[in-house]
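Just below is one structure, and these are the notes that go with it.
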Amino acid sequence: MVRTVLVTGGTRGIGASIAIAFKDAGYSVAANYARNDEEARKFEKENGIPVFKFDAGNYQGSCDAVEEVKIKVGPVDVLVNNAGITRDAPLHKMEMVQWSEVLRTNLDSCFNLSSAVINDMRERHFGRIINVSSINGQKGQFGQTNYAAAKAGMIGFTKALALENASKGVTVNAVAPGYIGTNMVRAIPEEIINEHILPQIPAGRLGEPIEVARCVIFLASDEAAFINGSTLTVNGGQYLI
Ligand code: CAA
Numbered sequence: 006m007v008r009t010v011l012v013t014g015g016t017r018g019i020g021a022s023i024a025i026a027f028k029d030a031g032y033s034v035a036a037n038y039a040r041n042d043e044e045a046r047k048f049e050k051e052n053g054i055p056v057f058k059f060d061a062g063n064y065q066g067s068c069d070a071v072e073e074v075k076i077k078v079g080p081v082d083v084l085v086n087n088a089g090i091t092r093d094a095p096l097h098k099m100e101m102v103q104w105s106e107v108l109r110t111n112l113d114s115c116f117n118l119s120s121a122v123i124n125d126m127r128e129r130h131f132g133r134i135i136n137v138s139s140i141n142g143q144k145g146q147f148g149q150t151n152y153a154a155a156k157a158g159m160i161g162f163t164k165a166l167a168l169e170n171a172s173k174g175v176t177v178n179a180v181a182p183g184y185i186g187t188n189m190v191r192a193i194p195e196e197i198i199n200e201h202i203l204p205q206i207p208a209g210r211l212g213e214p215i216e217v218a219r220c221v222i223f224l225a226s227d228e229a230a231f232i233n234g235s236t237l238t239v240n241g242g243q244y245l246i
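Here it is, written out as structure tokens:
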């Protein structure tokens, strides 16, 4: 039986790598995106993965999109809450809109999508929800009170949702990537990366998106059925807990 996966923010960066890895592993994949039509169309054409445009921060839009995925691809067996943005600034310079945009896209989206799929998963007695958190939700990061709060929130959300659904064959886990070589990280000023970030990574390099994707594929597998409420860190040893 082929399982269906929905990856939010699935056409670029870590999300694209996750979507492609699921396709390579034999899943039916739906990739969400919110804004960049050109990149999304290119991704769809190159990888043969259908794309679905909706704002994961919008509740009704997310519910409607899950229904559309159900009709066009299949009922969602695996949900990867990956959509995320940064609006970095130290709190003393941060505007309310920088706070609310990040909380909405990164954390509200987990509620929106999870609540849209959870009843079906409970009825089918199978489901996997994998939340892409961040090392910065575990250890904090200069300039990211908004992002760290959202990513730490995802870890609490993961644990509570795991407890609620463990008896129904549904697992809910998080992965916490460190600094991965995507556009999001490459947008950080080079001197900040060289002076403040790379020296903190014992592996001495940025991670590759596929190194995160492999963890997500594992957590979605039948073999990972007894892993529930966990956070798997993928960070080159940057933050050892
Ligand atoms: N640790 C310690 N000090 C830092 C620092 C850090 N990470 N970053 C900046 N500083 C220091 C600067 O060196 C500077 O010190 P001096 O005044 O002594 O020169 C001071 O703080 C002010 O820095 P800026 O001039 O850069 O301040 P700014 O207001 O212009 O910019 C900022 C602040 C936008 C947060 C900028 O520092 C920045 O982009 N930092 C990187 C934030 C970051 O790592 N974001 C992660 C994005 S990737 C991601 O989030 C993916 C993931 O999950 C890992």
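Using my numbering, read the sequence shown as starting at 6 and increasing by one per residue. We put the CB at the ideal spot given by N, CA and C, even for glycine. Remember, predicted model here, so these are calculated numbers, not experimental data.
Rounded to whole angstroms, the Cβ separation of S114 and A61 is 4 Å, and the two are in contact under 8 Å. For the 8 Å CB-CB criterion, L224 and R133 form a contact. Between P95 and V78 a beta carbon distance of about 42 Å is seen, past the 8 Å cut, so the two are scored as non-contacting.
For P182, the uninterrupted beta strand (DSSP E) segment begins and ends at 175-182. If you check the CB distance, T110 and I140 do not come in under 8 Å.
For the set V177, C220, G148, Y244, the Cα lying nearest the Cα of P204 is the one of Y244.
About 7 Å separates the CB atoms of V85 and V137; that is less than 8 Å, so the two are in contact.
Set against 7 Å, the gap from the CB of P214 to the closest heavy atom of ligand 1 is not smaller. For G174, the CB contacts under 6 Å within the same chain, skipping 5 residues up- and downstream, are H130, F131 in chain order. G31 carries a coil assignment under DSSP once its states are collapsed to helix, strand and coil. If the five residues before and after A45 are omitted, its C-beta is found closer than 6 Å to the C-beta atoms of T16, Y38, V56, all from its own chain and listed in chain order. Annotation for T150: L96 place their beta carbon closer than 6 Å to its own, counting only its chain and skipping 5 residues before and after.
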